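Colleague:
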Amino acid sequence: MRARFGHRSRLGAIALTVVLTGCENSAAPEKASAVPDSAASASAASGNAFVHSAEGDLSGYYMPVSEVAIGPLSLDHVFLGQAFEFEAWEDGEVNQTFAPVMLQFEDVSSPMVATELGEVHSVSVRVLPTTYSVTEDAIRFAGTSDELGAVSFNARLDQEALATARRNLGDEGTVLSGTLTAGGRTFRGVRFRWYGGD
60 MRARFGHRSR LGAIALTVVL TGCENSAAPE KASAVPDSAA SASAASGNAF
110 VHSAEGDLSG YYMPVSEVAI GPLSLDHVFL GQAFEFEAWE DGEVNQTFAP
160 VMLQFEDVSS PMVATELGEV HSVSVRVLPT TYSVTEDAIR FAGTSDELGA
210 VSFNARLDQE ALATARRNLG DEGTVLSGTL TAGGRTFRGV RFRWYGGD
């Protein structure tokens, strides 16, 4: 889903506060595997495509430590919502622009526009889920977009590191790491920091 700028002021802050590290830390891309995400596939097969069993608050923006780029699209963040947002989605209250788990990419070739928080790219792509499973220590996600085709994300959460980041209102430490497949490519060892938003 490609969106013109004009939504969310809090995401503008992300563009100003996040600095991606150098090439030496970049996740290495590989050819995409045709093997589906096992947990997501199992959930879908059981008729329960959306599962959220985490008791703690995992909400926030998970920002890649190093750049993950597919053509002009650069992964900006993985978003996790609050418990009530998961409950609403799982009760069938879905929409076309927001989900309790979603990935957002920025089109770095798009023009910059000025906001009250600074300049940001004017075009972004949100990938909403066709299935997800979120537990205390793992995120499994599958979705599609016109620009990226099939997208999957399989990652592990470090609860201790996340608790530290929350206490510090954001931290440099890695709290999430995993594998992203999008645009026909697979990126392994992608690491993320936590950002709470505005």
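Residue 60 is where the sequence shown starts when you use the numbering used here, and the numbers rise one by one after that. The C-beta atom is built at its ideal place from N, Cα and C for all residues, glycine as well. Since this is a predicted model, take the numbers as computed values, not measurements.
So, at 7 angstroms on beta carbons, what are the nonlocal neighbours of Tyr-120 in its own chain, with the 5 sequence-adjacent residues on each side left out?
Modeller: Ile-73, His-136, Phe-138, Tyr-254, Gly-256
Colleague: According to DSSP, Gly-202 sits in a beta bridge with which residue or residues?
Modeller: Looking at the DSSP output, Gly-202 shares a beta bridge with Pro-188, Val-210.
Colleague: Look at the Cβ atom of Thr-203, then the Cβ atom of Arg-185, and state whether they are nearer than 8 angstroms.
Modeller: When the beta-carbon positions are compared, Thr-203 and Arg-185 stay at least 8 angstroms from each other.
Colleague: Look up Gln-163 in the DSSP assignment and say whether it is helix, strand or coil.
Modeller: strand
Colleague: Compute the distance between the beta-carbons of Ser-189 and Ala-128, then report whether it is under 8 angstroms.
Modeller: First, the amino acid is wrong: residue 189 is Thr here, not Ser. Result no, Cβ atoms of Thr-189 and Ala-128 do not sit closer than 8 angstroms.
Colleague: Looking at the unbroken alpha helix (DSSP H) that takes in Thr-223, where does it start and where does it end?
Modeller: 218-226
Colleague: State the CB to CB distance for the pair Arg-252 and Gly-237, rounded to an integer number of angstroms; the pair is presumed to be in contact (CB under 8 angstroms).
Modeller: With 8 angstroms as the limit, Arg-252 and Gly-237 do not qualify as a contact, their Cβ atoms being about 14 angstroms apart.
Colleague: In whole angstroms, what is the alpha-carbon distance linking Leu-144 and Ala-209?
Modeller: One detail in the question is off: residue 144 reads as Glu in this sequence, not Leu. Taking the straight line joining both Cα atoms gives about 24 angstroms.
Colleague: Who are the Cβ neighbours of Glu-168 in its own chain at under 6 angstroms, not counting the five residues just before and after it?
Modeller: Correcting the residue type first, residue 168 is Ser in the shown sequence and not Glu. So the qualifying residues of the chain are Pro-131.
Colleague: Going by DSSP, which residues form a beta bridge with Leu-139?
Modeller: Gly-119, Val-160
Colleague: What's the gap between the Cα of Asp-217 and the Cα of Met-171?
Modeller: 34 angstroms
Colleague: What residues match up with Ser-133 in a beta bridge as DSSP calls it?
Modeller: Ala-128, Glu-165
Colleague: Ends of the beta strand (DSSP E) at Val-172?
Modeller: 171-174
Colleague: Just to confirm my understanding: we take Gly-229, look at its own chain, exclude 5 residues before and 5 after, and list those with CB closer than 7 angstroms. What are they?
Modeller: Trp-253, Tyr-254, Gly-255
Colleague: Look at the alpha carbon of Gly-115 and the alpha carbon of Glu-195, and state the distance between them as a whole number of angstroms.
Modeller: 7 angstroms
Colleague: Hey, how far is the Cα of Ser-183 from the Cα of Ala-173?
Modeller: 15 angstroms
Colleague: Taking the C-alpha atoms as reference points, what is the distance between Ser-214 and Arg-250?
Modeller: According to the sequence as given, residue 214 is Ala; it is not Ser. C-alpha separation (whole angstroms): 9 angstroms.
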